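**Student:** When we follow the numbering used here, the leftmost residue of the sequence shown carries the number 314, and every step to the right adds one. I'd like to ask you about the structure that follows.
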Amino acid sequence: MRFVRESARFACLFAVTGLLVFAGCTKVAPSDQPGAAADSTLKQVLQRGTLRVGDCLTFAPFGFYDKSGQPDGYDVDLAKELAKQMGVKLEVVNTTSANRIPNLQTSKVDVVFCNFTRNLERAKEIAFTNPYVVASEALLVKKSSGIKSVNDMADRTIATVKGSTNGDEVRSLNMKVKIQEFDSSQAAILAVKQGQADAMIEDNNFLAYQASLDPNLTVTDEALVPLEYNAFGVKAGDQIWLNYLNLFLFQINASKMNAQLYKKWFGAEPRFPLNPQY
314 MRFVRESARF ACLFAVTGLL VFAGCTKVAP SDQPGAAADS TLKQVLQRGT LRVGDCLTFA
374 PFGFYDKSGQ PDGYDVDLAK ELAKQMGVKL EVVNTTSANR IPNLQTSKVD VVFCNFTRNL
434 ERAKEIAFTN PYVVASEALL VKKSSGIKSV NDMADRTIAT VKGSTNGDEV RSLNMKVKIQ
494 EFDSSQAAIL AVKQGQADAM IEDNNFLAYQ ASLDPNLTVT DEALVPLEYN AFGVKAGDQI
554 WLNYLNLFLF QINASKMNAQ LYKKWFGAEP RFPLNPQY
C-alpha cells in the first residue's frame, strides 16, 4: 500500500508540474500599471489629437509671443516639429520656472520645453529626456557698470528667477552678494536695465541673445558653473512616452535639424556637444 501511495503522490506532483509548465508558456495579459501602454501619455496625446507643451514664453529666444501674439522661439519650433511628426495639433501652455514641475504632476501639460536643467533634486519628482541644448552660466550687466566677472559683484545685487537653479548657484559661490528673485526672466532683465539689480545670472546663450537686443547690455565672458544639460521634462513613471521623446531627439539631432534651429535663433552654431566626453 505504501508503494501505491508513493506512486499516487508522484503522479500528482507530475500533474501539477505539468500544469505549471503549461501556464508558463501561456501569455498573461499585462496589468494596468502606471506607464503601461494603456496609460502612457503617448497614447493619450494620440487619442486626444492635441499635444500640450509647457513653454516659458517670457524667455526669448527659447519662447516668447511674436507681434501677432502667437508663441514663437527655439523651444516652440521644436514643439511644432514634435506635433507634426506625431500628426497632432499643438497647444503651447505658457509656463514659468516655478510651475514647470507642478504642471507636469497635475497633467496640465504633457511635456515641458522650458530650458529645463537636469539635476538629481528635480529627478526625484519628474523624469528627463536626453539633453537637447547645453549651456553654462554668466552675468548680464550694463556696459557702464564696470562689472567684468562675478568677482566684481561683492556687495551688489544679482537678479534671479524664482524656481530656477540660479539662486543656488550664486549661494554656492560663497560671496557677499544680495539675491533678488523675480517671477520671470523679463522682469529680471528689466531690473538690470533700471538699476534695481546690478546683474542677472542665467544661461549664457539666453543672455547673449538678450544683449544683442540692447546695445547698453553685455555678458561677462566666464563660465560660472559646470555645463548644464537641458532636456524635456515629463511626468515620472511613463517610460513609453520618455522613449518616444528620446527617439524624436535622436532623429532631429542626427538630421542636424536641432543644430539648424539653434543657429536660427542664437545666430551661431551650438557651442557645446550634447554628449560630454568623460
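The beta-carbon is built from N, C-alpha and C at its ideal position, and this holds for glycine as well. Please read all numbers here as calculations on a predicted model, not as lab measurements.
(1) Jot down the residue ranges of each uninterrupted beta strand (DSSP E) in the segment 354–428, minimum 3 residues, whole runs only, in chain order.
(2) I'd like to confirm the pairing. Which residues does DSSP put opposite Y542 in its beta bridges?
(3) Using CA coordinates, which residue listed in T442, V532, A392 and L370 is at the minimum distance from I553?
(4) For Q493 and A472, what's the separation of their Cα atoms in angstroms?
(5) How is D481 classed by DSSP in three states: helix, strand or coil?
(6) Taking only the alpha-carbon atoms, compute the straight-line gap between N464 and T354 and give it to the nearest angstrom.
(7) Assess contact between the segment 400–409 and the segment 356–371, defined as three or more Cβ pairs (one per stretch) separated by less than 8 Å. Is contact present?
(8) Please return the same chain residues whose Cβ sits closer than 8 Å to the Cβ of K489, not counting the five positions on each side in sequence.
(9) Near G386, what residues of its chain come up, given a Cβ to Cβ distance below 7 Å and the 5 sequence neighbours on each side ignored?
(10) Give me the Cα-Cα distance between R365 and S457, rounded to the nearest whole angstrom.
(11) Measure the CB-CB distance between L587 and E515 and report whether it falls below 9 Å.
(12) Going by beta carbon distance, what residues of the same chain come within less than 6 Å of T478, once the five residues before and after it are set aside?
(13) Looking at the secondary structure, which residues open and close the beta strand (DSSP E) in which A472 lies?
(14) Thinking C-beta only, is G367 closer than 9 Å to V401?
(15) Please report the straight-line C-alpha distance between E541 and E450, rounded to a whole angstrom.
(16) Pop quiz: L562 and V424 are said to be a contact at Cβ under 8 Å. What is the actual Cβ separation, rounded to whole angstroms?
(17) Quick check on DSSP: helix, strand or coil for A581?
(18) Tell me, which residues are paired with M513 by DSSP?
(19) Taking just the CA atoms, how far does A544 sit from D527?
**Tutor:** Walking through what the data contain:
(1) 363–368 and 402–407
(2) V447
(3) T442
(4) 5 Å
(5) helix
(6) 46 Å
(7) yes
(8) Contacts found: A467 and D468.
(9) A373, P374, F375, G376, F377 and W578
(10) 43 Å
(11) no
(12) T430
(13) Run containing A472: T470 to V474, per the beta strand (DSSP E) assignment.
(14) No.
(15) E541 and E450 have their alpha carbons spaced roughly 8 Å apart.
(16) So it is not a contact: roughly 11 Å between Cβ atoms.
(17) Residue state for A581 is assigned as coil, using DSSP reduced to three classes.
(18) L453 and A472
(19) 28 Å
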